[in-house]
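Enquirer: Using the numbering used here, read the sequence shown as starting at 10 and increasing by one per residue.
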Amino acid sequence: MSLYIDIQYINELSLLLRNFKKRSSNLWNCSCPICGDSSKNKSKTRFYFLIRGNNVNTYCHNCNYSASFPYFLKSMYPAIHTKYNLEKWKAGATKRYHHIEDPSKSNTSISSTKDITFDIIFQRLDRTSLDNKALMYCNSRGIPVENHQRLYYCSDVKKIGKYFTKYDGTILTSEERLIIPFYNENKEVIGIQARALDKDAKIRYLTFRKDDQELIYGLDVFNKNNTSYVVEGPLDSLFLPNCLAAATSNLLRVKDHVIKNFTTYIFDNQPRNKEVCNQMEKAVDEGCNVFFWNDVKEKDINEYITNNKVKKEDLLDFIGKNTYNGLLGKVRFNQWKRV
Ligand SMILES: [Zn+2]
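(1) Smallest Cα separation from K53: which of S75, N35, K30, S34?
(2) Below 8 Å on the Cβ atoms is my contact criterion, and I expect D245 with A254 to pass it. Report the Cβ-Cβ distance as a whole number of Å.
(3) Under a Cβ-count criterion, where at least 16 other Cβ atoms within 10 Å of its own Cβ denotes burial, should Y192 be classed as buried or exposed?
(4) Using only CA atoms, which one of S75, S34, P153 lies nearest to R55?
(5) Within 10 angstroms of the Cβ of L336, are there 16 or more other Cβ atoms? Answer buried if so, exposed if not.
(6) Span of the alpha helix (DSSP H) holding T126?
(7) Quick one: Cα of W345 to Cα of N316, how far?
(8) K321 to N298, Cα distance in whole Å?
(9) So if DSSP puts F300 in a beta bridge, which residue, or which two residues, is it bridged to?
(10) Give a single yes or no on whether D165 has its beta carbon closer than 8 Å to a heavy atom of ligand 1.
(11) For R347 and R281, which I take to be in contact (beta-carbon distance under 8 Å), what is that distance rounded to the nearest angstrom?
(12) Given the structure, does N71 come close to ligand 1, in the sense that its CB is under 8 Å from one of the ligand's heavy atoms?
(13) Does the beta-carbon of K211 have 16 or more other beta-carbons within 10 angstroms, so that it is buried, or is it exposed?
(14) So Q158 and R133 are in contact, right, with Cβ under 8 Å, and what is the actual spacing, rounded?
(15) Can you check whether the CB of N287 is closer than 9 Å to the CB of N331?
(16) What's the C-alpha gap between Y86 and T126?
(17) Can you give the Cα-Cα distance for Y274 and S33, rounded to whole angstroms?
(18) So which of R262, N35, K168 has the shortest CA-CA distance to Q17?
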């Protein structure tokens, strides 16, 4: 292996690259030498060097530049590249280098609990510029700032094929999207929902899966031994503490992950929707705590908060006062439903 040569050359570049910093044993970053990163703010560092298997890839979150380390070196620093090439050749490594490959095939150990590769391919919302389209969308919906780190921006939906390689080449559009990652309990990304940012988009949510693991949003930060909530939409769940999102109206699909007495099921406010009513009745019959919307027009938590400027404490109070179970739940359900 001659990876040590690459590392030696990355270190050598540290003198030439602005804001250069080693982030971990396999990750370095700096201001991007391709796009300038940026004309407004010289402290931006959106260019990355990442060791993947036996190769190093380079990547910029701002201009979307992506290339193998040798290619980057050759195009930016040809004199250094000549020297590098000679050393690599001497070390017997003359194989071709590749762009970002399937993370599941990589031996790179990931030190943090979250996935560094994911953070490199997509842009975490708390690290984007203020005029980022996904950030502005989340701000318009009032998503709590402390949860921005759980969401990402993607400048081109095709990039999802770089992460879940089974989709590589199958995504034909190239729109910007808000990325909602789904984790399993081991904090591995097992699914992605990509929400359209263009209000004329034909499909609002696209869903991508790693394999057949069930997609429940919030398992990575959930503690079933505390008071908890279950809602339908992942973005709605960001307004409530310790909350899972089922991502369908079948909220009971999360029941194996929660302790019944500790959790409250909050269905969307759709008393005329037969499917929602069936699910709600089932939850009541199973003895769950179920929240009932009183006479409000809003259809979900996010709308309710935005329209009524509700504070977090008041929201929990509102939910608590309108939650029923058992026989009272049955009575309340019959008053609420409209089908
Ligand atoms: Zn750049």
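Here a beta-carbon is modelled for each residue, glycine too, at the ideal position from N, C-alpha and C.
Expert: Here's the rundown:
(1) Numbered from 1 along the sequence shown, position 44 holds the residue referred to as residue 53. The shortest C-alpha separation from K53 is found at K30.
(2) In the sequence shown, the residue the question calls residue 245 occupies position 236. In the sequence shown, the residue the question calls residue 254 occupies position 245. Their Cβ separation, rounded to whole angstroms, is 7 Å, which keeps D245 and A254 in contact under 8 Å.
(3) Here residue 192 refers to the residue found at position 183 when the sequence shown is read from its first residue. So Y192 ends up on the buried side.
(4) In the sequence shown, residue 55 corresponds to position 46, counting from 1. The option with the nearest alpha carbon to R55 is S75.
(5) Along the sequence shown, one-based indexing puts residue 336 at 327. Exposed, by the Cβ-count rule.
(6) Along the sequence shown, one-based indexing puts residue 126 at 117. Start and end: 125-130.
(7) Translated into positions along the sequence shown, residue 345 becomes position 336. Translated into positions along the sequence shown, residue 316 becomes position 307. Distance between the alpha carbons of W345 and N316 is about 21 Å.
(8) Position 312 of the sequence shown, counted from the start, is the residue given in the question as residue 321. Position 289 of the sequence shown, counted from the start, is the residue given in the question as residue 298. Distance between the alpha carbons of K321 and N298 is about 20 Å.
(9) By one-based count along the sequence shown, residue 300 stands at place 291. DSSP lists T332 as partners of F300.
(10) Your numbering for residue 165 matches position 156 in the sequence shown. For ligand 1, not one heavy atom lies less than 8 Å from the Cβ of D165.
(11) As a working mapping, residue 347 is identified with position 338 in the sequence shown. As a working mapping, residue 281 is identified with position 272 in the sequence shown. Confirmed, Cβ separation roughly 5 Å.
(12) Numbered from 1 along the sequence shown, position 62 holds the residue referred to as residue 71. N71 Cβ: within cutoff of ligand 1.
(13) Translated into positions along the sequence shown, residue 211 becomes position 202. It is exposed - the Cβ of K211 has fewer than 16 other Cβ atoms within 10 Å.
(14) Here residue 158 refers to the residue found at position 149 when the sequence shown is read from its first residue. Here residue 133 refers to the residue found at position 124 when the sequence shown is read from its first residue. Contact flag correct, Cβ pair sits at about 6 Å.
(15) In the sequence shown, the residue the question calls residue 331 occupies position 322. In the sequence shown, the residue the question calls residue 287 occupies position 278. No, the Cβ-Cβ distance between N331 and N287 is not below 9 Å.
(16) Reading the sequence shown from its first residue, position 77 is the one you call residue 86. Reading the sequence shown from its first residue, position 117 is the one you call residue 126. Looking at the two C-alpha atoms, the distance is approximately 26 Å.
(17) Translated into positions along the sequence shown, residue 274 becomes position 265. Translated into positions along the sequence shown, residue 33 becomes position 24. Approximately 41 Å, taken between the alpha carbons.
(18) For the purposes of this step, residue 17 is taken as residue 8 along the sequence shown, with counting starting at 1. Considering only alpha carbons, the answer is N35.
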